[in-house]
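Enquirer: Residue numbers (this note's numbering), protein chains in the order written: chain Y, 1 to 359; chain F, 1 to 443.
All C-beta atoms in this analysis are idealised placements derived from N, C-alpha and C, irrespective of residue type, glycine included.
A quick note: this is a predicted structure, and the numbers were derived from the prediction, not measured.
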Amino acid sequence: MKLDKKRLLMSSSPHVQTEENTRSIMMDVIIALLFPLIMAVYFFGWRAAALTVVSVASSVFAEWLYCRIAKKPHTIGDFSAAVTGMLIAMCLPVSVPMWIPVVGSFFAIVVVKQLYGGLGKNFLNPALTARAFLYCWPSLISVWIKPNLGENALGIFSSVSRSSLSPDVIASVTPLAKMKLGYLPGVAMGKIDVISGLRDVVVGNVAGCIGEVSAVVIIAAAIYLIIRRVITIHIPLAYVGTVAVLTFLFPRGGNASWQWMIYSVCSGGLLFAAVFMATDYATSPVTARGRVIYGIGCGVLTVLIRYFGTYNEGVTYAILIMNCCACFMDRVVRPRRFGVMKKKGKAVSVDESKDSGEA
Amino acid sequence: MAVNFKGGCHPDAKKNATYKKPIDEMKSAAELVFPMLMHKGSPCGPIVEVGQRVLVGQKIAESTAEDSAPIHSSVSGTVKAIEPRINIDGEKILSVVIENDFADEETEPAADYDRFRTLSAKELASLVREAGIVGLGGSARPLSQKILAAEGRVDTLIINGAECEPYVTADNRMMVEYSEELYDGAMLIAKALEIRDITLAIESDKSHAIAEMHRVFAKKTGIKLCVVHTKYPQGAERQVIKSVTRREVPPDGTPYDIGVITVNVSTAVAVSRAVREGKPLTTRIITVSGSAVANPKNLIVKLGTPIGDLIEACGGFLEHPERVIAGGPMMGKTQYSLDAPVVKGTNAVLAFCRGEDKTEPEGVCIHCGKCVGVCPMQLMPVYIYRAYKADKLSECVKLNVSDCTECGCCAYICPARISLVSAFRAVKKKIEDVKKEEKVDEA
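#1: Residue 351 of chain F bridges to which residues according to DSSP?
#2: Residue 202 of chain F and residue 225 of chain F: beta carbons closer than 9 Å?
#3: Going by DSSP in three states, residue 357 of chain Y sits in which element: helix, strand or coil?
#4: Closest to residue 66 of chain Y by CA distance: which of Y/212, Y/224 and Y/106 is it?
#5: Rounding to the nearest angstrom, what Cα-Cα distance links residue 101 of chain Y and residue 323 of chain F in this structure?
#6: I'd like the ranges of any beta strand (DSSP E) spanning at least 3 consecutive residues and lying wholly in the segment 169-230 of chain F.
#7: Here's the rule I'm using: 16 or more other beta-carbon atoms within 10 Å means buried, otherwise exposed. How should residue 70 of chain F be labelled?
#8: In or out: residue 189 of chain Y buried (at least 16 other Cβ within 10 Å) or exposed?
#9: Go to residue 356 of chain F, then tell me how far its beta strand (DSSP E) extends in each direction, as first and last residue.
#10: For residue 93 of chain Y and residue 55 of chain Y, what's the separation of their Cα atoms in angstroms?
#11: Is the distance from the Cβ of residue 249 of chain F to the Cβ of residue 260 of chain F below 9 Å?
#12: Does any residue of chain F have a CB that is nearer than 9 Å to the CB of residue 317 of chain Y?
#13: I'd like the span of the alpha helix (DSSP H) that includes residue 480 of chain F, first residue to last.
#14: By a C-beta neighbour count over all protein chains shown, 10 Å radius and 16 as the cutoff for buried, is residue 182 of chain F buried or exposed?
#15: For residue 210 of chain F, tell me which candidate among F/197, F/171 and F/236 has the shortest Cα-Cα distance.
#16: When you compare only the Cα positions, how much space is there between residue 413 of chain F and residue 360 of chain F?
#17: Is it buried or exposed for residue 331 of chain Y, if we count other Cβ within 10 angstroms and need 16 for buried?
#18: Could you tell me whether the segment 68-85 of chain F touches the segment 327-335 of chain F, using the rule of 3 or more Cβ pairs below 8 Å?
#19: How far does the alpha helix (DSSP H) with residue 291 of chain Y in it reach, from first residue to last?
#20: Does the pairing of the segment 45-62 of chain F with the segment 25-32 of chain F give three or more beta-carbon distances under 8 Å?
#21: How about residue 36 of chain Y and residue 211 of chain Y: do their beta carbons lie closer than 9 Å?
#22: Taking residue 75 of chain Y as the reference, which of Y/271, Y/50, Y/120 and Y/125 has the closest Cα?
#23: Determine, using beta carbons only, whether residue 17 of chain Y comes closer than 9 Å to chain F.
#24: If you follow the beta strand (DSSP E) that residue 84 of chain F is part of, which residue opens it and which one closes it?
#25: Among all the DSSP beta bridges, which residues are the ones paired with residue 61 of chain F?
#26: Considering just the uninterrupted stretch of the alpha helix (DSSP H) at residue 264 of chain F, what are its terminal residues?
#27: Check each residue of the segment 394-408 of chain F: if its Cβ is closer than 9 Å to any Cβ of chain Y, include it; give the result in chain order.
#28: Ends of the beta strand (DSSP E) at residue 94 of chain F?
#29: What beta strand (DSSP E) runs, 3 residues minimum, are completely inside the segment 239-303 of chain F?
#30: At a threshold of 8 Å, does residue 298 of chain Y count as lining the ligand HEM (C-beta to nearest heavy atom)?
#31: Run the CB neighbour count on residue 139 of chain Y, radius 10 Å, all protein chains shown included, and call it buried at 16 or more, exposed below.
#32: Go ahead and label residue 310 of chain Y buried or exposed: buried means 16 or more other beta carbons lie within 10 angstroms of its beta carbon, across all protein chains shown.
#33: Flag residue 21 of chain Y as yes if its beta-carbon sits less than 9 Å from any beta-carbon of chain F, otherwise no.
#34: Could you check if residue 52 of chain F is buried or exposed, using at least 16 other CB atoms within 10 Å of its CB as the buried criterion?
#35: Have a look at residue 316 of chain F and residue 9 of chain Y and give me their C-alpha separation to the nearest angstrom.
#36: For residue 228 of chain F, tell me which candidate among F/50, F/280 and F/164 has the shortest Cα-Cα distance.
This is the structure:
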């Protein structure tokens with residue numbers, strides 16, 4: 001029996017690999033993003049889907065174009081550009097003109113991602129940076145539409161401006177804008193009671209960005225991503241947990257702690273960002289401990305910006321600030337070296353090792 | 001107590017093909033090849049001549065070095081040649097080639113002594129040394145060296161039955177079929193080293209072995225059974241010690257530093273045979289499996305048998321394999337010749353069809369951190385790799401690349417399919433080269 005060397009593969013161990021690859025991970029994120037997208041179509045009409053399609057198409061095109069001009073191998077097959085495109089659409093209000101996601105996509109893909117070396121090398125989250133960039137047009141990206149009015153009011157592709165909309169279509173403010181002033185949305189309007197107000201923020205029957213409104217759906221998407229091992233629970237839990245604790249301890253406007261806490265957690269894209277934005281691989285730490293600290297940092301900054309900043313939404317800038325620290329955190333928060341306990345360089349003694357156990 | 005360690009991964013076990021198959025005899029090969037290095041350590045020198053007749057169990061090569069183990073013929077026959085032959089590392093090294101006469105004529109059992117007396121550590125060490133016994137779990141380090149190093153320093157003996165490599169079921173069958181010898185061998189080592197705390201670690205998926213050991217331990221006492229979590233690399237020395245005792249072997253340290261000695265189940269059986277029957281190590285159990293093998297089996301194989309004969313004993317190839325591996329799929333080595341003989345540390349021979357292992361071209365690192373999560377040595381493979389790519393050796397040293405055991409978890413889990421292990425091997429080699437140069441400069 002002889003082996004034909006031409007048909008043999010010589011490889012370095014390990015010779016087996018998991019089935020999961022970059023493409024399947026990105027595919028899982030896209031699937032998870034479809035959850036809030038479906039809710040968005042339900043609440044805001046087909047225009048939400050149209051914006052997402054435009055955003056994805058322009059992201060993928062930007063990636064393709066950049067690779068072509070820079071003479072780099074094409075990378076659209078890893079679906080990461082499609083994910084960025086979806087994320088950009090998800091954090092815009094449904095009323096934006098169609099060119100807004102196109103501008104955002106090009107900025108995110110070309111400037112934030114590719115100029116820093118491409119996938120995995122950027123230090124800022126492309127989608128969030130694009131959102132921050134799009135605040136160049138504040139009047140365009142802060143026209144909030146009341147949910148359940150759908151395309152009847154907007155049209156799928158027509159351009160929308162505040163003046164072209166009838167007053168009862170425009171939601172004067174998002175829940176968070178009201179909370180900025182220290183009172184709970186439903187209660188303040190005097191129309192609905194606290195419980196149905198809470199139901200609205202949990203289900204998503206409120207004004208807001210395309211992807212951020214429905215808390216339950218985002219939690220379902222998070223569970224999907226965790227089961228598929230795309231993300232670990234550390235960052236979302238630490239982030240949301242920190243915001244929950246801080247808002248419970250320090251409610252504003254004399255509201256009941258738990259009401260204020262639930263409104264805070266369910267509003268302003270916090271859950272969406274904790275699940276989809278803060279967990280971005282390239283811009284978050286790699287160790288479990290680092291991720292917890294990172295999540296807590298995001299939470300503290302979010303609450304600080306919401307309470308003391310001028311912006312209503314703290315999430316975008318909180319995560320972008322923590323993005324800048326992620327690389328540093330990976331340098332400082334390193335796993336304990338196997339066989340070395342706490343004190344640097346000191347070998348384990350038997351008794352110590354029994355106590356410490358698993359972290 | 002969590003019978004577990006941090007990190008690790010769950011590759012598809014694929015043990016079903018051979019899990020329940022009793023150990024099979026196989027036809028002896030016509031020609032056997034004994035490389036002068038069948039273990040890890042210093043090589044032996046041949047002590048036979050071309051044309052000389054040798055018997056089963058006759059010593060054919062030895063060395064005076066401490067980290068060596070003599071080699072014994074596994075068949076009777078004539079020494080046909082002493083020449084460089086290919087081994088499973090893909091190198092040509094000096095080997096004794098023996099033509100089998102199929103008479104299976106045996107030598108007289110080695111020394112004449114009271115086989116049921118309690119042995120001292122020194123006596124046991126010299127006995128297992130003469131028998132050529134090495135760590136059969138894959139380390140292939142001479143057992144005598146281990147026993148001498150452990151003497152007077154250890155309080156715990158772990159018999160390692162955690163066979164975590166996918167496909168491989170050799171140790172599992174050993175526990176099911178040779179449980180009495182296993183118990184005997186373990187007690188011999190424990191008594192010689194005056195150890196009271198003896199634990200047999202078995203992974204939770206090996207229900208047959210667990211049941212068999214429960215049966216044995218119902219009658220005989222002294223060994224605790226510890227069912228450990230099924231996870232790769234549970235059977236690695238540092239990880240099995242951590243799981244069973246919660247102790248961690250310090251970096252650059254040995255298990256003896258924390259009072260532990262580990263011995264593989266097959267090694268324990270070999271010790272029992274060497275002491276009770278005076279038989280040197282000339283055979284071992286090998287799992288032959290993989291999608292390209294017609295009839296996967298657990299075989300009792302004479303050392304020195306070319307791997308091609310093992311494949312033939314299992315019905316040959318179903319189709320031309322894409323790769324042939326000596327050892328498990330996580331740490332084994334790919335082969336390009338079926339002439340390479342099995343050695344003392346070979347626990348499996350695998351042959352894969354195209355597409356059995358989903359390997360893809362290397363992509364770019366997406367910084368997902370999965371490698372950090374699975375590393376059982378608690379390293380940060382992603383950053384070691386980046387430092388390696390940037391050619392920053394000192395950064396690699398700071399990140400403790402020397403702790404890497406090359407278990408393969410990081411490369412297994414990497415969604416970008418980066419060959420992390422081969423990168424780390426290259427880094428470690430570079431660091432060693434630099435150290436050597438420094439020594440030369442000092443001298």
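Expert: From the atom records:
#1: Here the question's residue 351 of chain F lines up with position 351 in the second sequence. Partner(s): F/324.
#2: As a working note, residue 202 of chain F is residue 202 in the second sequence. As a working note, residue 225 of chain F is residue 225 in the second sequence. Cβ atoms of residue 202 of chain F and residue 225 of chain F: closer than 9 Å.
#3: Reading the first sequence from its first residue, position 357 is the one you call residue 357 of chain Y. With a pLDDT of only 39 at residue 357 of chain Y, under the threshold of 50, the placement of this residue in the model should not be trusted; the figure read from the coordinates follows. Three-state DSSP puts residue 357 of chain Y in coil, outside helix and strand.
#4: Mapped onto the first sequence, residue 66 of chain Y falls at position 66. When each option's Cα is compared against that of residue 66 of chain Y, the closest is Y/106.
#5: Along the first sequence, read from residue 1 onward, the residue named residue 101 of chain Y stands at position 101. Along the second sequence, read from residue 1 onward, the residue named residue 323 of chain F stands at position 323. Rounded to the nearest angstrom, the two C-alpha atoms are 49 Å apart.
#6: 197-203 and 223-228
#7: The residue you call residue 70 of chain F lines up with position 70 of the second sequence. By the neighbour-count rule (16 or more Cβ atoms within 10 Å), residue 70 of chain F is buried.
#8: Within the first sequence, residue 189 of chain Y is the residue found at index 189, counting from 1. Because the pLDDT at residue 189 of chain Y is just 49, under 50, the model does not fix this residue reliably, and the value given afterwards should be weighed accordingly. Residue 189 of chain Y should be labelled exposed.
#9: Counting from 1 along the second sequence, the entry for residue 356 of chain F is found at position 356. Note, residue 356 of chain F: premise wrong, no beta strand (DSSP E); not H, not E.
#10: Numbered from 1 along the first sequence, position 93 holds the residue referred to as residue 93 of chain Y. Numbered from 1 along the first sequence, position 55 holds the residue referred to as residue 55 of chain Y. Answer to the nearest angstrom: the Cα atoms are 13 Å apart.
#11: Against the second sequence, residue 249 of chain F aligns to sequence position 249. Against the second sequence, residue 260 of chain F aligns to sequence position 260. Against a cut-off of 9 Å, the Cβ pair of residue 260 of chain F and residue 249 of chain F comes out as a contact.
#12: Reading the first sequence from its first residue, position 317 is the one you call residue 317 of chain Y. Output row for residue 317 of chain Y: interface = no.
#13: Examination of residue 480 of chain F is not possible in this model, given that chain F is present from 1 through 443 alone.
#14: Working through the second sequence from its first residue, we reach residue 182 of chain F at position 182. Flag for residue 182 of chain F reads buried.
#15: By 1-based counting over the second sequence, the position of residue 210 of chain F is 210. Residue 210 of chain F has its Cα closest to that of F/171, out of F/197, F/171 and F/236.
#16: For the purposes of this step, residue 413 of chain F is taken as residue 413 along the second sequence, with counting starting at 1. For the purposes of this step, residue 360 of chain F is taken as residue 360 along the second sequence, with counting starting at 1. Each residue's alpha carbon lies about 13 Å from the other.
#17: To locate residue 331 of chain Y, count along the first sequence from 1; it is residue 331. By the 10 Å Cβ count, residue 331 of chain Y comes out exposed.
#18: no
#19: On the first sequence, residue 291 of chain Y is found 291 positions in, with the first residue counted as 1. Start and end: 288-308.
#20: no
#21: Working through the first sequence from its first residue, we reach residue 36 of chain Y at position 36. Working through the first sequence from its first residue, we reach residue 211 of chain Y at position 211. Yes.
#22: For the purposes of this step, residue 75 of chain Y is taken as residue 75 along the first sequence, with counting starting at 1. Nearest of Y/271, Y/50, Y/120 and Y/125 to residue 75 of chain Y, Cα basis: Y/120.
#23: Here residue 17 of chain Y corresponds to residue number 17 of the first sequence, with the count starting at 1. Yes, residue 17 of chain Y counts as interfacial toward chain F.
#24: In the second sequence, the residue the question calls residue 84 of chain F occupies position 84. Element bounds for residue 84 of chain F: 77-86.
#25: As a first step, residue 61 of chain F is located in the second sequence; it is residue number 61 there, counting from the start. The partner list for residue 61 of chain F (beta bridge, DSSP) reads F/46 and F/71.
#26: Taking the first residue of the second sequence as 1, we reach residue 264 of chain F at position 264. That residue, residue 264 of chain F, is in no alpha helix (DSSP H); its beta strand (DSSP E) goes 260-264.
#27: 399, 400, 403, 406, 407 and 408
#28: If you number the second sequence from 1, residue 94 of chain F lands on position 94. First-last of the beta strand (DSSP E) with residue 94 of chain F: 92-100.
#29: 260-264, 283-289 and 297-302
#30: Absent from the structure shown: the ligand HEM. Ligands present: none.
#31: Translated into the one-based positions of the first sequence, residue 139 of chain Y becomes position 139. When all chains shown are included, residue 139 of chain Y counts as exposed.
#32: As a first step, residue 310 of chain Y must be located in the first sequence, where it is residue number 310. That one is exposed.
#33: Locating residue 21 of chain Y in the first sequence gives position 21, counting from the first residue. Answer yes: the Cβ-Cβ gap between residue 21 of chain Y and chain F drops below 9 Å somewhere.
#34: Position 52 of the second sequence, counting from 1, holds the residue named residue 52 of chain F. By the neighbour-count rule (16 or more Cβ atoms within 10 Å), residue 52 of chain F is not buried but exposed.
#35: Counted from its first residue, the second sequence places residue 316 of chain F at position 316. Counted from its first residue, the first sequence places residue 9 of chain Y at position 9. Approximately 19 Å between the Cα atoms of the pair.
#36: As a working mapping, residue 228 of chain F is identified with position 228 in the second sequence. If we check each option's Cα against that of residue 228 of chain F, F/164 comes out closest.
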